[in-house]
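Numbered per the numbering used here, the sequence shown spans residues -6 to 165.
Backbone N, C-alpha and C define an ideal beta-carbon position, used for all residues, glycine too.
Here the structure is laid out as structure tokens; the discussion comes afterwards.
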Amino acid sequence: MSTVLTPAGASTSAVVTKLLPEFERLRKRFPPGFDSSLTLPCLRRIQEERGHIAEEDIEALVAWLGVPRVQVDEVLSFYTQFRREPVGRWHLQVCRNVSCSMRGAEGLLGHLCRKLGVEQGATTSDGRFTVSTVECLGSCGTAPVVVLNEAYHENMSAAKVDALLDGLGAGS
Ligand code: FES
């Protein structure tokens, strides 16, 4: 299938354009007619490259895949790992599903927000830290769990949160 990303009036994405050779190699690994299966790996690479998924990335990916826009939107809304907005250098996500909630996740979240001086879902004014919540991380046996960028921190407590932030230079 040929790639046409920039018909008159269409949006472009420098990130998607850069990744197209990689996407084309990926496409060869799937049987013909299964292009929609590329949605997830392509979105993952876009986020690795940009840090989040921008509107122009979605438009460019939809054009390249030739799938309905809703298909990409569904993937983005289902997987909480995907971000539609930029986040800070350090992204702290607190799980607050049942197991983590029962073991103090709400208190941890409040502690974290107070320490950094931000609301849940917000980024510190220096752009370094973002605090958000996330659904079950599949590590309920070690609840409560906080994810720092890609790394799990388990059996968390206020003291462990303090140590984690100290290690990132957030002070106490
Ligand atoms: S409820 Fe937090 S990891 Fe499952």
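{"Asked": "heavy atom of the ligand FES below 7 Å from Leu130 C-beta", "Found": "yes"}
{"Asked": "Proximal residues to Arg38 (C-beta, below 7 Å), its chain only, five neighbours per side dropped", "Found": "Leu12 and Glu15"}
{"Asked": "The region 130 to 137 touching the region 48 to 66, judged by at least three CB pairs closer than 8 Å", "Found": "no"}
{"Asked": "Where Met95 falls, given that 16 or more other Cβ within 10 Å makes a residue buried", "Found": "exposed"}
{"Asked": "Residue burial classification, His104 (beta-carbon count within 10 angstroms, cutoff 16)", "Found": "buried"}
{"Asked": "Asn142 Cβ short of 7 Å to the ligand FES heavy atom set", "Found": "no"}
{"Asked": "Inside the region 36 to 90 only - beta strand (DSSP E) runs reaching at least 3 residues", "Found": "83 to 88"}
{"Asked": "Near the ligand FES: Val91 beta-carbon under 7 Å from a heavy atom", "Found": "yes"}
{"Asked": "Of the listed residues Asn142, Arg43, Thr126 and Val63, nearest to Thr10 (C-alpha basis)", "Found": "Arg43"}
{"Asked": "Bridge partner(s) assigned by DSSP for Ser132", "Found": "The partner list for Ser132 (beta bridge, DSSP) is empty, contrary to what the question assumes."}
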